[in-house]
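Listed in order, the protein sequences are those of chains A and B. Numbering-wise (the numbering used here), the first sequence opens with residue 3 and increments by one. Numbering-wise (the numbering used here), the second sequence opens with residue 3 and increments by one. Think of the CB as a built atom: it goes at the ideal place given N, C-alpha and C, for glycine as much as any other residue. To keep things clear, I will list the structure first and then write my remarks on it.
2 protein chains.
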Amino acid sequence: MRMSEGVEWALHSCLLMAWQGDDPVSTAKIAAAFDLPSSYLNKQLQALAKAGLVSSTSGPRGGFRLARPPQQITLLDVVEAIEGPEDAFRCQEIRQQGAGASFPKAEFRERCAIAAAMRRAEAQWRQSLAAQTLADIQSTVDGKAPHAGPRMRNWLATAGA
Amino acid sequence: MRMSEGVEWALHSCLLMAWQGDDPVSTAKIAAAFDLPSSYLNKQLQALAKAGLVSSTSGPRGGFRLARPPQQITLLDVVEAIEGPEDAFRCQEIRQQGAGASFPKAEFRERCAIAAAMRRAEAQWRQSLAAQTLADIQSTVDGKAPHAGPRMRNWLATAGA
DNA sequence: GGACGGCTACTCGGATATCGCTTGTCCGAGTAAATGCGG
DNA sequence: CCGCATTTACTCGGACAAGCGATATCCGAGTAGCCGTCC
Numbered sequence: 003m004r005m006s007e008g009v010e011w012a013l014h015s016c017l018l019m020a021w022q023g024d025d026p027v028s029t030a031k032i033a034a035a036f037d038l039p040s041s042y043l044n045k046q047l048q049a050l051a052k053a054g055l056v057s058s059t060s061g062p063r064g065g066f067r068l069a070r071p072p073q074q075i076t077l078l079d080v081v082e083a084i085e086g087p088e089d090a091f092r093c094q095e096i097r098q099q100g101a102g103a104s105f106p107k108a109e110f111r112e113r114c115a116i117a118a119a120m121r122r123a124e125a126q127w128r129q130s131l132a133a134q135t136l137a138d139i140q141s142t143v144d145g146k147a148p149h150a151g152p153r154m155r156n157w158l159a160t161a162g163a
Numbered sequence: 003m004r005m006s007e008g009v010e011w012a013l014h015s016c017l018l019m020a021w022q023g024d025d026p027v028s029t030a031k032i033a034a035a036f037d038l039p040s041s042y043l044n045k046q047l048q049a050l051a052k053a054g055l056v057s058s059t060s061g062p063r064g065g066f067r068l069a070r071p072p073q074q075i076t077l078l079d080v081v082e083a084i085e086g087p088e089d090a091f092r093c094q095e096i097r098q099q100g101a102g103a104s105f106p107k108a109e110f111r112e113r114c115a116i117a118a119a120m121r122r123a124e125a126q127w128r129q130s131l132a133a134q135t136l137a138d139i140q141s142t143v144d145g146k147a148p149h150a151g152p153r154m155r156n157w158l159a160t161a162g163a
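Encoded structure:
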C-alpha cells in the first residue's frame, strides 16, 4: 500500500499558496520551488481545482490560489482530492464465493466482520486527517521557523524576475 | 491509494485457519473455499509464513495453520505481513529541493510538519488495527452467525473427499 | 503376519510472464497584459 | 498626450506515452503416506 507522491506535492503546494495569500502562483513557480516536473504537478493542481480547493486563473500573472481560507481546508480534503474518496481496503465479498455460494443468501445480510474492522481503522485515519487544517500546519511551522513563510514568499518574488 | 487485495485474502484465510484449529489446511482448499487462484493465494500465505504468523507443513495432509492462538494475532500483523511495514505516505523532503536548497541546512533540523501530521494519522490507523485480534473477529461472527464456523469446517472436510 | 524398501501423490516454495495504474510528457485553447499606431 | 486594435507571451487544461509494481501462472524440491515384496 503506497500513497501517491502527488499527495505530498499537493500538500506542500497548498501550504505555499497559504503563505502567498490571494496572490496567484503559477505551476512553474511551484515546480521550481520544489524541483518537481511542472507538467505533472499541473495535473495534481488540476485535481485540487476540480475538488474546489483551489481556483485557477489563466494568462499572465495567473496561476492557482486557495479557494477557501486555510482554516477551512483539512488535510483530508487534499488527500481525497488526489487519491479519491474510496477506501484503501475494498471488500470483494469473497466469503460469498466458493463455499459460501452454496449457503443460503440470508446468511450474508450482516456485513462482513473483516470489512467492518478495516473500515473502523480507516475511519480513525480519516478522522485524524480531518482534524488538522492547513492553518494548523502553518501555525506549527511558524512556531518552529517563523521566517520560513516570508522567505519562501520572497524567493517566489525574486525567482520570477 | 489502494490496498492489495491479498490483504482481504489473507484475513479470510487466517479466519478460516482459526476455525480449523491445529488442523493444517492446504492452499488448494482455501482457494476452493473462496474461489481464488490457488497459486497466487499461495504467495500471500508464504508472506504470512515469513512473518511468522502461520507455519507450513509439506506433503500429504500438509498445509498451513496459525502459528499462534487467534488472541495473539492482530489485524495489523496480517496487514503488515502482506503490505510491508512501511508507511503509505513517504516524505521525500521536497521542501529541501529547489528553493530550499539555497537555505541553510540547519533550517531543516525540525521534522517536516506535513510528514508529522500524516504520520499521526497513520498511527491512529495502526492503533485501531492493532487493537483487534483474529479472536475478536471470530467472536463477532459467532455472535451473529453461530453456525458459520462449524459449517465452513464441515465444507472443508467434505470437499476434500 | 510383520517389517522394510521403494513408489506415488500431494504439498510448499520460488522463479518467471502479464496487466493496470501511477508517473511523466506533450501540445493546443484561452486570456490578460504589453505594444504600436492613429487621433 | 490619450485611447484603441493588434500582437505577444504566458497560463491552464486535457490528450498521449513509458515504467514499475501488483497480479497471475508455472514448474521444481521435498515429504508423508501407501503399496508391494520379502523374511
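Let's test the definition: count the other Cβ atoms within 10 Å of the Cβ of A:P106 and tell me whether it reaches 16, buried, or not, exposed.
Taking the first residue of the first sequence as position 1, residue 106 of chain A is located at position 104. Classification of A:P106: exposed, given that the 10 Å Cβ count is below 16.
For B:R4, which residues in chain A fall below 7 Å Cβ to Cβ?
Within the second sequence, the letter at position 2 stands for residue 4 of chain B. What B:R4 touches in chain A: A90.
Could you check if B:K31 is buried or exposed, using at least 16 other CB atoms within 10 Å of its CB as the buried criterion?
Position 29 of the second sequence holds residue 31 of chain B. Buried, by the Cβ-count rule.
If the cut-off is 8 Å on Cβ atoms, which residues from the stretch 8 to 21 of chain A count as contacting chain B, listed in chain order?
From the stretch 8 to 21 of chain A, only V9, E10, W11, L13, H14 and L17 have a Cβ closer than 8 Å to chain B.
Check whether the Cβ of B:K146 lies closer than 9 Å to any Cβ atom in chain A.
Counted from its first residue, the second sequence places residue 146 of chain B at position 144. Among the CB atoms of chain A, one or more fall inside 9 Å of the CB of B:K146.
Beta-carbon proximity check, A:M120 vs B:L55, cutoff 9 Å:
Here the question's residue 120 of chain A lines up with position 118 in the first sequence. Here the question's residue 55 of chain B lines up with position 53 in the second sequence. In terms of Cβ geometry, A:M120 and B:L55 do not form a close pair [threshold 9 Å].
Under 8 Å by Cβ, that's how I've got A:R70 and A:P26 pegged, so tell me the actual separation to the nearest angstrom.
The sequence position of residue 70 of chain A within the first sequence is 68, counting from 1. The sequence position of residue 26 of chain A within the first sequence is 24, counting from 1. So it is not a contact: roughly 15 Å between Cβ atoms.
Ignoring anything shorter than 4 residues, give me the alpha helix (DSSP H) runs that lie fully in the stretch 29 to 113 of chain B, in order along the chain.
Every alpha helix (DSSP H) of 4 residues or more that sits fully in the stretch 29 to 113 of chain B is shown, in chain order, as 29 to 36, 40 to 52 and 77 to 85.
To the nearest angstrom, how far is it from the Cα of A:R92 to the Cα of B:N156?
Along the first sequence, read from residue 1 onward, the residue named residue 92 of chain A stands at position 90. Along the second sequence, read from residue 1 onward, the residue named residue 156 of chain B stands at position 154. Straight-line Cα distance between these residues: approximately 28 Å.
Candidates A:S41, A:I116, A:G145 and A:L68: which alpha carbon is nearest A:S15's?
In the first sequence, counting from the first residue as 1, residue 15 of chain A sits at position 13. The option with the nearest alpha carbon to A:S15 is A:L68.
Can you tell me whether B:T160 is helix, strand or coil according to DSSP?
Here residue 160 of chain B refers to the residue found at position 158 when the second sequence is read from its first residue. Shown here, B:T160 sits in a helix according to DSSP, grouped into three states.
Are there three or more Cβ pairs, one per stretch, closer than 8 Å when the stretch 132 to 146 of chain A is compared with the stretch 45 to 60 of chain B?
Two segments are said to touch when three or more pairs of C-beta atoms, one from each, lie closer than 8 Å; by this definition the stretch 132 to 146 of chain A does not touch the stretch 45 to 60 of chain B.
Within the 9 Å Cβ cut-off, does A:A30 reach chain B?
Within the first sequence, numbered from 1, the residue matching residue 30 of chain A stands at position 28. Cβ-Cβ to chain B under 9 Å: no for A:A30.
Bridge partners of A:T135, per DSSP?
Counting from 1 along the first sequence, the entry for residue 135 of chain A is found at position 133. A:T76, per the DSSP bridge assignment.
Backbone CA spacing between A:M3 and B:A133 [nearest angstrom]
In the first sequence, the residue the question calls residue 3 of chain A occupies position 1. In the second sequence, the residue the question calls residue 133 of chain B occupies position 131. Approximately 20 Å between the Cα atoms of the pair.
Within chain A, the residues that B:D37 reaches when beta carbons sit closer than 8 Å
Residue mapping note: residue 37 of chain B aligns to position 35 of the second sequence, counting from 1. Correct list: I96, Q99, G100 and A103.
What is the rounded straight-line gap between the Cα of A:E109 and the Cα of A:E82?
If you number the first sequence from 1, residue 109 of chain A lands on position 107. If you number the first sequence from 1, residue 82 of chain A lands on position 80. C-alpha of A:E109 to C-alpha of A:E82: approximately 34 Å in a straight line.
Using a Cβ-Cβ distance cut-off of 9 Å, determine whether B:V143 contacts chain A.
Position 141 of the second sequence, counted from the start, is the residue given in the question as residue 143 of chain B. Residue contact with chain A for B:V143: present (Cβ-Cβ distance below 9 Å to some residue of chain A).
Counting only the same chain and skipping the five closest in sequence on each side, list residues whose C-beta sits under 6 Å from that of A:L77.
In the first sequence, the residue the question calls residue 77 of chain A occupies position 75. The residues are L131 and Q134.
Taking the alpha helix (DSSP H) that B:S15 falls in, what are its first and last residues?
To locate residue 15 of chain B, count along the second sequence from 1; it is residue 13. Annotation for B:S15: the continuous alpha helix (DSSP H) segment containing it runs G8 to Q22.
Do the stretch 32 to 44 of chain A and the stretch 95 to 103 of chain B make contact, defined as three or more Cβ pairs closer than 8 Å?
Yes, they touch.
Based on DSSP bridge pairs, tell me the residues matched to B:V143.
Your numbering for residue 143 of chain B matches position 141 in the second sequence. According to DSSP, which records beta bridges pairwise, B:V143 is partnered with nothing at all.
Here's the rule I'm using: 16 or more other beta-carbon atoms within 10 Å means buried, otherwise exposed. How should A:E10 be labelled?
The residue given as residue 10 of chain A occupies position 8 in the first sequence. By the 16-neighbour rule on beta-carbons within 10 angstroms, A:E10 is buried.
Contact list for A:L77 against chain B, beta-carbon separation under 9 Å:
Numbered from 1 along the first sequence, position 75 holds the residue referred to as residue 77 of chain A. Those within 9 Å of A:L77 in chain B are I116, A119, M120 and A123.
Own chain, CB closer than 6 Å to B:Q73, minus 5 neighbours either side, in chain order
Mapped onto the second sequence, residue 73 of chain B falls at position 71. Around B:Q73, the same chain offers T135 and A137 as residues with beta carbons nearer than 6 Å, after the five sequence neighbours per side are excluded.
So that I know if they touch, is there some Cβ in chain B lying closer than 9 Å to that of A:G151?
Residue numbering aside, residue 151 of chain A sits at position 149 when the first sequence is read from its first letter. False, the Cβ-Cβ gap to chain B never drops below 9 Å.
Reference A:A53; option with closest CA among A:A12, A:G23 and A:L18
What you label residue 53 of chain A is simply residue 51 of the first sequence in a count that begins at 1. Measuring from the Cα of A:A53, the nearest candidate turns out to be A:A12.
For chain A, find out if any of its Cβ atoms is closer than 9 Å to the Cβ of B:A161; answer yes or no.
Locating residue 161 of chain B in the second sequence gives position 159, counting from the first residue. Closer than 9 Å to some Cβ of chain A, the Cβ of B:A161 qualifies, so yes.
Is the CB-CB distance between A:W127 and B:E124 below 9 Å?
Here the question's residue 127 of chain A lines up with position 125 in the first sequence. Here the question's residue 124 of chain B lines up with position 122 in the second sequence. In terms of Cβ geometry, A:W127 and B:E124 form a close pair [threshold 9 Å].
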